[in-house]
Amino acid sequence: MKLFLQILLLSWVALPVAQSQTTARAVVDIPVGASFLPDETPVLSIPLSGVAPFLAYSVEWEATPDISLQIRFYDEKEGKWGDWTPLNPDPHSDREAPAYVSELGFAAASCSQFSLRLFPSFDKASLFSVRCHFFNPGNSTPQKPATGQGDRLSCPCPLPSYLDRAGWCPSGNCPPDPTPQPTEVTHLIVHHSAGPNTSSDWSAVVRSIWDYHVNVNGWDDIGYNWLLDPNGVLYEGRGNDLQGAHFCGHNPGTMGVCMMGTYTSVVPPAPMIGKLEKLLAWKCCDRNIDPEDFSFHPNSGLNLFNISGHRDGCSTECPGDSLYAHLPMIRTDVSDTIAACLPSSAYEQQTTETYVHVFPNPATEVIYIQLAPGAPEPVSLRLVDPKGQVRWQSGKNLQAGETITLPVKGWASGWYSLQAGNANLKVLIQ
Ligand SMILES: [Zn+2]
């Protein structure tokens, strides 16, 4: 009898499947014993059909903190099992030990089965419950971003064009917060999603994040006010001047922007950074926020840069080392963008940009900066590094038809801002 009980406790036990009523999502509960060896679960079915363009998943569990779980999927199309993938606890979750939830994961649409295991093995590990969430976002139909509009005549910086909720969720199955809380924004918080850096369908990723925040975390709506994909497409999240869920419970006074992807070692692409800067410039201008200054944020009790990373106020590595290292440059660029919003400056900036050429870009050893022969006037040049510091400036103005050679070998990698007169060009040094 004692042996029988031990076997029962040291194994994954009965595996009833609970499926939600809708076809878009499914929940699989895996009751477990109070403690067990690091065995793999039996093969389990994903109770969804017609999944497209990918399968989104997350796993909730209750356990002692020394537990690490992994998941793997059987891909029907490939005819084989994929690699074991760690289920990393999500730092954006508001759960407290012993409750955890994994970051949102993505698997191929053709995956039909899965299994879980404990890894590495722990003799005294205790796992109390496991619940797996699966979401089928469905394919998106291409939508044209709506033209953004500034809602204040005092601010000439426009809200960049964006996909509104009807654009990324035309089925209407991703409703907004039924009781939205207005907030007066003083601090702009930059995040990364810690998910994949590529996707065939970013609107489907946004719907997956909405499902994860609402149906897994139990929040009222998607946590971020805005989201950006690596192509520079902006998505409306919770909305403007509304309190989100992204800053470890200290959300009043903040606007949360999520850069979709993982920017720990990868540098965000230029269109993405460019759109982020335009969005932040619009909001700073809108609320009269100095993008390069810092101020007291009453709800967190912290002095924060007005444009901060998630890690500045919470215990998390978000928004990733690489993106975080670019925040000083982003603050400077936002300041320059606001200065250039005056109609005459904007025109001048655009005109100058058409005459300045930087190549190669990305660069590793040297960059050439050329002013086209037809340029109407000489331009001053300076290069600002990701930390917002002037890394180089030309002693004299660049003349029309002239090319300057600048060695950059050994410089810290990342996006640099080349300020040529009023124009601002991005140069990636690797
Ligand atoms: Zn974050």
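Each residue of the sequence shown is one higher than the one before, counting from 0 in numbering that gives the first Met the number 0. Even for Gly, the Cβ is constructed at its ideal location relative to N, Cα and C. Since this is a predicted model, take the numbers as computed values, not measurements.
8 Å Cβ cutoff met for residue i and residue j
i    : j    : result
D210 : A51  : no
S114 : L43  : yes
Y223 : G255 : yes
Q180 : F118 : no
I337 : C284 : yes
E183 : G252 : yes
A244 : H212 : yes
N432 : D292 : Given that the chain is displayed from residue 0 to residue 429, the structure contains no residue 432 and the question cannot be resolved.
R164 : E39  : no
V333 : A419 : no
K425 : G273 : yes
A280 : C156 : yes
T351 : N421 : yes
Q392 : L380 : yes
P385 : G409 : no
T278 : W225 : Looking at the sequence provided, one finds Leu at residue 278 rather than Thr. Against a cut-off of 8 Å, the Cβ pair of W225 and L278 comes out as a contact.
L428 : A324 : Here residue 428 is Ile; the residue named in the question, Leu, does not match the sequence. No, they are not a contact pair.
L417 : V357 : yes
I66  : L162 : no
P88  : Y99  : yes
I403 : S307 : no
A62  : P90  : no
Contact test: residue i Cβ vs ligand 1 heavy atom, cutoff 7 Å
i    : result
T253 : no
T351 : no
S315 : According to the sequence shown, residue 315 is Thr rather than Ser. Yes; taking the cut-off as 7 Å, the Cβ of T315 has a heavy atom of ligand 1 nearer than that.
P318 : yes
H91  : yes
H190 : yes
H249 : no
H309 : yes
H245 : yes
Residues bridged to residue i (per DSSP)
i    : result
I29  : V129
G413 : I428
W218 : Answer by DSSP bridge pairing: none, since W218 is not bridged.
W60  : Y99 and V129
R381 : Q392 and Q418
A55  : F105 and F134
A362 : I428
D285 : DSSP lists no partner for D285.
N302 : F295
V357 : I368
G308 : V189
T253 : H186
E482 : Nothing in the structure corresponds to residue 482, since the chain is present only between 0 and 429.
W80  : Y73
F246 : Answer is none; F246 lacks a bridge partner.
A145 : Y161
M258 : H191 and L227
Short CB-CB distance (under 8 Å) between residue i and chain B
i    : result
H190 : Within the model displayed, chain B is absent; a lone protein chain is all it includes.
Open item on the list: Assess contact between the region 244-263 and the region 317-326, defined as three or more Cβ pairs (one per stretch) separated by less than 8 Å. Is contact present?
Closed with: In short, these stretches touch, since the Cβ pair count reaches three.
- [ ] Would you check if there are 3 or more beta carbon pairs closer than 8 Å linking the region 167-179 to the region 133-142?
- [x] Verdict: yes, contact present.
Open item on the list: Pairs of beta-carbons, one from the region 398-414 and one from the region 372-390, closer than 8 Å: are there three or more?
Closed with: Output reads yes: the region 372-390 touches the region 398-414.
TODO: Please determine if the region 201-208 and the region 132-139 are in contact, where contact requires at least 3 C-beta pairs separated by less than 8 Å.
DONE: Three or more beta-carbon pairs separated by less than 8 Å link the region 201-208 to the region 132-139, which places the two stretches in contact.
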